[in-house]
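A.B. asks: All the letters of the sequence shown, read from the start, carry residue numbers -21 to -1, 1 to 314 under mature numbering (1 follows the signal peptide of the UniProt record, and there is no 0). Glycine included, C-beta positions come from ideal geometry on N, C-alpha and C.
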Amino acid sequence: MVKKTLIAASTLSLCALTLSACGGGDSAAGSGGNGGSDGTITMGFAQVGAESGWRTANTDSIKQSAEDAGVELQFSDAQQKQENQISAIRTYIQQKVDVIAFSPVVETGWDAVLQEAKAAGIPVILTDRAVDVQDDSLYVTFLGSDFVEEGQKAGQWLVDNAAEADADGDGDVNVVELQGTTGAAPAIDRKEGFEEVIADDDTISISQSQTGDFTRDGGKQVMEAFLQNEPEGIDVVYAHNDDMGLGAIEAIEAAGLTPGEDIKIITVDAVKDGMQALADGKINFIVECNPLLGPQLMELAEKVVAGEEVESRVVTEETTFTQEQAAEALPDRQY
Ligand code: GZL
Ligand code: ZN
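1) Going by alpha carbons, who is nearest to G28 out of Q43, A109 and Q61?
2) From D90 to Q74, what does the alpha carbon distance come to, in whole angstroms?
3) From G260 to G100, what distance separates their C-alpha atoms?
4) Measuring CB atoms only, is the segment 196 to 205 touching the segment 128 to 139, in the sense that at least three cross pairs come out at less than 8 Å?
5) Using a Cβ-based criterion (distance less than 7 Å to any ligand heavy atom), does V152 qualify as near ligand 2?
6) Using C-beta distances below 7 Å, list every residue in its chain close to D222, excluding the 5 sequence neighbours before and after it, in chain order.
7) Using 8 Å as the threshold, is the segment 164 to 173 in touch with the segment 224 to 244, meaning 3 or more CB pairs across them?
8) By Cβ distance, which residues of its chain are closer than 6 Å to L(-10), with the 5 residues on each side in sequence left out?
9) Which same chain residues, not among the five before or five after T87, have their C-beta less than 6 Å away from its C-beta?
10) Return the chain-ordered list of same chain residues with a C-beta closer than 7 Å to the C-beta of E303, the five sequence neighbours on each side being excluded.
11) Answer with buried or exposed for D47, where buried requires no fewer than 16 other C-beta atoms within 10 angstroms of its C-beta.
12) Just the Cα atoms here: how many angstroms apart are I65 and H219?
13) Looking only at its chain, what residues have a beta carbon closer than 7 Å to the beta carbon of residue 317, apart from the 5 residues adjacent to it on each side?
14) Would you mind giving the Cβ-Cβ distance between L279 and V294, rounded to the nearest angstrom? I have them listed as a contact below 8 Å.
15) Just grab the DSSP bridge partners of P165 for me.
16) With a threshold of 8 Å on Cβ separation, who are the neighbours of R69 within its own chain once the five nearest residues in sequence on each side are excluded?
17) Helix, strand or coil, according to DSSP, for G273 in the structure here?
18) I need the boundaries of the alpha helix (DSSP H) containing R108, first residue and last residue.
19) Determine the closest residue to A45 out of T35, G226, Q59 and F24, with distance taken between C-alpha atoms.
20) Using three-state DSSP, classify K60 as helix, strand or coil.
21) If you run the structure through DSSP and keep just helix, strand and coil, what is A29?
22) Nearest CA to the CA of E297: which residue from D181, D77 and R312?
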């Protein structure tokens, strides 16, 4: 980890020192290396979209933290399309911002544009989601959750509560899975972590699994299809985020069933609407995924632009919630 960071830092400080060689330019529009003439940093942030409560809270945290840190923020919303994120990053390169940060909507397809940022001497920080690139010197650090661990926590709750979760009492715990955006790191990893843990209990199996694209509407539509395929026998919904879980609740209630009882629901995020449903007994367990990455992002950006060493992986702190814990935590929830 340190080796990668050192290389990145030395490349950066070299760029900072010999600005012209790194395609840096005038300080007015950000120097592509060491902050504007008055020391302010310009950051280009390419956000995924506004698909979920989590994303909204994440955007709010980034904007507020930039303001608090005096970072000049260029912000774009890609409506969950990779081509929009790539063109936003290209715009930031042309604007010669000091640092680029983004949450890659999917893991692959970033090598070319990240090569362009590197050639322009502009450091890139990944937040929230990871990329799968040949050369991992294309970004300086990744700040975000461990999604495999989130999936493991969700699976562990189900293994620990299998008897209660077998709502129809047939001895098998039949799970349907609402996956996040196809190809997105949280979708791939939350599935992997969950399956790894439930493999320990052969009474638990996933009968249907489909993407709801991390949206409430997507979760509702897919859950309606799941219920049509299996009107009886679904014991548990594992949704990769609260929003799809909330959509599933609408479909379950429309089918005349009681969410949280006839069908148990496990979700990930712990945004306010999810926590309210958990406290109301419609969701049974939530694994938290912390969206408040803004303060750590600005701290990292300042260090990176100054050419200081940073960890190549910064994991965010997060926990889990039962129905009782949600009722207690709700009043103080920031998101
Ligand atoms: C996870 C983040 C996911 C959230 C969803 O860090 O990428 O994207 O879990 C959001 O709510 O849409
Ligand atoms: Zn069952």
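C.D. replies: Taking the coordinates as given:
1) In the sequence shown, counting from the first residue as 1, residue 28 sits at position 49. Nearest C-alpha to G28: Q61.
2) In the sequence shown, residue 90 corresponds to position 111, counting from 1. In the sequence shown, residue 74 corresponds to position 95, counting from 1. Computed Cα separation, rounded: 20 Å.
3) Locating residue 260 in the sequence shown gives position 281, where the first residue counts as 1. Locating residue 100 in the sequence shown gives position 121, where the first residue counts as 1. About 52 Å.
4) no
5) Working through the sequence shown from its first residue, we reach residue 152 at position 173. Because some heavy atom of ligand 2 lies under 7 Å away, the Cβ of V152 counts as near it: yes.
6) For this step, residue 222 is matched to residue 243 along the sequence shown. So the qualifying residues of the chain are S31, G32, F193, T194, R195 and G198.
7) The segment 224 to 244 and the segment 164 to 173 do not touch, with fewer than three beta-carbon pairs separated by less than 8 Å.
8) On the sequence shown, position 12 is the one that residue -10 refers to. Below a pLDDT of 50, predicted positions are generally treated as unreliable, and L(-10), at 43, falls in that range; the measurement from the model is reported next regardless. Contacts found: P102 and G286.
9) Indexing the sequence shown from 1 puts residue 87 at position 108. Within the same chain, T87 has close Cβ partners D111.
10) Taking the sequence shown and counting its residues from 1, the one referred to as residue 303 is at position 324. If the five residues before and after E303 are omitted, its C-beta is found closer than 7 Å to no C-beta atom of its own chain.
11) In the sequence shown, residue 47 corresponds to position 68, counting from 1. Exposed: under 16 other Cβ atoms inside 10 Å.
12) Walking along the sequence shown from the start, residue 65 turns up at place 86. Walking along the sequence shown from the start, residue 219 turns up at place 240. Roughly 25 Å separates the two Cα atoms.
13) The structure shown does not extend to residue 317, since the chain spans only -21 to 314, so no value can be given for it.
14) Along the sequence shown, one-based indexing puts residue 279 at 300. Along the sequence shown, one-based indexing puts residue 294 at 315. The pair is not a contact, with the Cβ atoms about 13 Å apart (cut-off 8 Å).
15) For this step, residue 165 is matched to residue 186 along the sequence shown. In DSSP, P165 forms no bridge with anything.
16) Indexing the sequence shown from 1 puts residue 69 at position 90. Result list for R69: V92 and E95, in chain order.
17) One-based indexing of the sequence shown puts residue 273 at position 294. Helix, per DSSP.
18) Position 129 of the sequence shown, counting from 1, holds the residue named residue 108. Where R108 is concerned, there is no enclosing alpha helix (DSSP H), given that its DSSP letter is neither H nor E.
19) Position 66 of the sequence shown, counted from the start, is the residue given in the question as residue 45. The candidate whose alpha carbon is nearest that of A45 is F24.
20) Taking the first residue of the sequence shown as position 1, residue 60 is located at position 81. Coil, per DSSP.
21) In the sequence shown, counting from the first residue as 1, residue 29 sits at position 50. The answer is coil: DSSP assigns A29 none of H, G, I, E or B.
22) Here residue 297 refers to the residue found at position 318 when the sequence shown is read from its first residue. Scanning D181, D77 and R312 for the CA closest to the CA of E297 turns up R312.
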